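S.K.: Let me give you the structure first, and then I'll get to my questions.
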Amino acid sequence: MLRRARTAGDAGRRGLVKPATRRIRKQLQRQRKAARPARDWRGSPWPWRIGGMLLLLVALLLSWRVESTALRYQQALRSVAGAGASVVNLGRHALPSKRLQGDLVRVVGMPQVIESPRDPDFNQSANTLRLRRDVAMFQWQQVNVGYPIYELEWVHGHVDSSAFTRPSGHANPPLPIPSKDFPAPRVRLHGFILDAALVDLIPGHDPHPVNATALPPNLAATFREYEGDLYSGDPQQPRLGDVRLRWSTVPPQEITVLARVDGGRLTPAPDSGVQLGDRGLGDLLPQLPPRPYGLWVGRVIGWLLAALSVALLLRAWKRGIDPVLPLTLGAALMLMIPVLLWVTFDPWLGLGLLALLLIALGTAWWRWRRPARETRETRET
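Counting from 10, one number per residue, gives the positions in the sequence shown under my numbering.
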């Protein structure tokens, strides 16, 4: 009985002790939580790491966008220029050079006539880029107004009367003199001589009165001058088969030429052309994609973003900020994509960019090792 009473008393005391122990434990836990310092995210490396990685991703995407756009434009230019050639924008500073041989060049300027064109048949000449002889004949022409009617008119070229609905009585004689262009034999554009085929492409039209005193004697007896033109008959009462000759010129004016370089000459190419005024490559080659602008602005912005991302990552590693290290390492990161893209298009350019990449990496490595060397030297002293 006594043992049972003791056992019951011990159990009662243990029951009283357990609640007290739990209260003490809870109080201690609350005290530990209160004494624990608040979590400071500013001291954590993760915000710096995340920010640095995001900025680096943006910089690499910007670099890819800029370089791929520039590469597509250069590929389009190369496809126009042909294998082994380039499209060179000389503008108003065009001088022959051996390195331009075979290239497609854009030249802007005022052409100079070195040797004037001449119509040898009628002994007509003018100080112009091109002299044109237009020949018209007074001949039958069919007009359909529900039924064919026939009229005698001045018509350029020859009208084939055999194709008329009623050719009988409306036969046209053959054209005795053809129309013809006479480009200036020598035209200079800056330091280049323009090929005659390019001179033919220059637009423009100014009437040029005939010089009747320069006509050969046999033609002076056949033709008469009237209001600046030549007529083989009476200009006021023309008859079937009469011929009218009229000359016009293309005056010198500012032009833009896209042509291939052959020594000191500009020669035609499949995509060559001539337009009036100062025209860009987009006007001369409409098949080209739009010319990209602001490439270097995008490259500089990408480089600064990459440098800032490196600085944030260095901050996450508790490393002192060296202003040179983020700039050099950021430059190395921004050179990786250009090296990969341009090395297949232009190997020499790709190798040059690779050399810059290695220089930037070497400089970054030297700046990275510099604090460790300075620490060792300080300890030794």
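Heads up, the beta-carbon is just placed ideally off N, CA and C, and yes, glycines get one too. Given the structure is predicted, the values throughout are model-derived calculations rather than measurements.
If you check the beta carbons only, do G339 and W375 fall under 8 angstroms apart?
M.R.: Not closer than 8 angstroms, so no.
S.K.: For D204, which residues from the same chain have a beta carbon less than 7 angstroms from its beta carbon, with the 5 sequence-adjacent residues on both sides left out?
M.R.: Once the five neighbours on either side are set aside, the close Cβ partners of D204 are R274, L275, T276, P277.
S.K.: To the nearest angstrom, report how far apart S170 and W163 are at their CA atoms.
M.R.: Spanning the two alpha carbons is a distance of roughly 15 angstroms.
S.K.: Need the endpoints of the beta strand (DSSP E) that G282 sits in, please.
M.R.: Run containing G282: 282-285, per the beta strand (DSSP E) assignment.
S.K.: Count the C-beta pairs between the region 74-91 and the region 314-334 that are closer than 8 angstroms, then say yes if the count reaches three, no if not.
M.R.: No contact exists between the region 74-91 and the region 314-334.
S.K.: Assign W305 to one of three DSSP states: helix, strand, or coil.
M.R.: If DSSP states are grouped into helix, strand and coil, W305 belongs with the helices.
S.K.: From M10 to R39, what distance separates their C-alpha atoms?
M.R.: The pLDDT assigned to M10 is 45, lower than 50, so where the model puts this residue is not dependable; a value taken from the coordinates is nonetheless given after this. The straight-line gap from Cα to Cα measures roughly 45 angstroms.
S.K.: Measuring CA to CA, which of G166, M146, A145, T174 is closest to G155?
M.R.: Of the candidates G166, M146, A145, T174, the one whose C-alpha sits nearest the C-alpha of G155 is T174.
S.K.: Does the beta-carbon distance from A325 to A369 come in below 8 angstroms?
M.R.: It is not a contact, given that the beta carbons lie outside the stated cut-off.
S.K.: Whole angstroms is fine: what's the gap from V97's alpha carbon to M119's?
M.R.: Each residue's Cα considered, the two are about 19 angstroms apart.
S.K.: Would you give the residue range spanned by the alpha helix (DSSP H) that Y82 belongs to?
M.R.: Its alpha helix (DSSP H) spans residues 55-90.
S.K.: My output table needs one value for R31: the three-state DSSP class, helix, strand or coil.
M.R.: DSSP places R31 in helix when its eight states are reduced to three.
S.K.: For L321, I'd like the list of residues in its chain whose CB is within less than 8 angstroms of its CB, leaving aside the five on either flank, ordered along the chain.
M.R.: Counting only Cβ-Cβ distances below 8 angstroms, and skipping sequence neighbours, we find W57, R58, G60, G61, L64.
S.K.: Return helix, strand or coil for D251, following the three-state DSSP convention.
M.R.: Three-state result, D251: coil.
S.K.: Run the proximity test for V348: is its beta-carbon closer than 7 angstroms to any non-hydrogen atom belonging to the ligand HEM?
M.R.: Of the ligands one can find in the structure shown there are none, so the ligand HEM has no counterpart to examine.
S.K.: Taking the DSSP output, what are the residues bridged to P244?
M.R.: Answer by DSSP bridge pairing: none, since P244 is not bridged.
S.K.: Given 8 angstroms as the limit, is there contact between the region 122-136 and the region 185-197, that is, 3 or more CB pairs closer than that?
M.R.: The answer is yes - the region 185-197 touches the region 122-136, with three or more Cβ pairs under 8 angstroms.
S.K.: Tell me the DSSP bridge mates of V196?
M.R.: V122.
S.K.: By alpha-carbon positions, which one of R74, D271, R379 ends up nearest to I202?
M.R.: Comparing Cα positions, the closest option is D271.
S.K.: Is it the case that the Cβ atoms of R233 and D143 are separated by a distance below 8 angstroms?
M.R.: Cβ distance not < 8 angstroms, so R233 and D143 don't count as in contact.
S.K.: In the DSSP output, which residue or residues are listed as bridge partners for F147?
M.R.: According to DSSP, which records beta bridges pairwise, F147 is partnered with W163.
S.K.: Quick check: the Cα distance between W73 and V309, rounded to an integer number of angstroms?
M.R.: Going from the Cα of W73 to the Cα of V309 covers about 13 angstroms.
S.K.: Answer with buried or exposed for L37, where buried requires no fewer than 16 other C-beta atoms within 10 angstroms of its C-beta.
M.R.: L37 comes out exposed.
S.K.: Hey, Y159 and Q151: beta-carbon distance below 8 angstroms or not?
M.R.: Taking 8 angstroms as the Cβ cut-off, Y159 and Q151 qualify as a contacting pair.
S.K.: My output table needs one value for A14: the three-state DSSP class, helix, strand or coil.
M.R.: Confidence is the limiting factor: at A14 the pLDDT is only 45, short of 50, which leaves the residue's position unreliable, though a coordinate-based value still follows. Helix.
S.K.: Using the rule of at least 16 other Cβ atoms within 10 Å of the residue's Cβ for burial, across every protein chain shown, is G241 buried or exposed?
M.R.: The sequence as given places Ser at residue 241; Gly does not occur at that position. Its Cβ being crowded by 16 or more others within 10 Å, S241 is buried.
S.K.: Determine the direct distance from the alpha carbon of P54 to that of M345, and round the result to whole angstroms.
M.R.: For M345 and P54, the distance between alpha carbons rounds to 27 angstroms.
S.K.: Candidates S77, R115, A103: which alpha carbon is nearest S95's?
M.R.: Residue R115 is the option with its Cα nearest to S95.
S.K.: Closest to S125 by CA distance: which of P216, P226, P261, N181 is it?
M.R.: Selected option, being the one with the closest Cα: P261.
S.K.: Which value, in whole angstroms, describes the spacing of the CA atoms of W305 and P347?
M.R.: Taking the straight line joining both Cα atoms gives about 13 angstroms.
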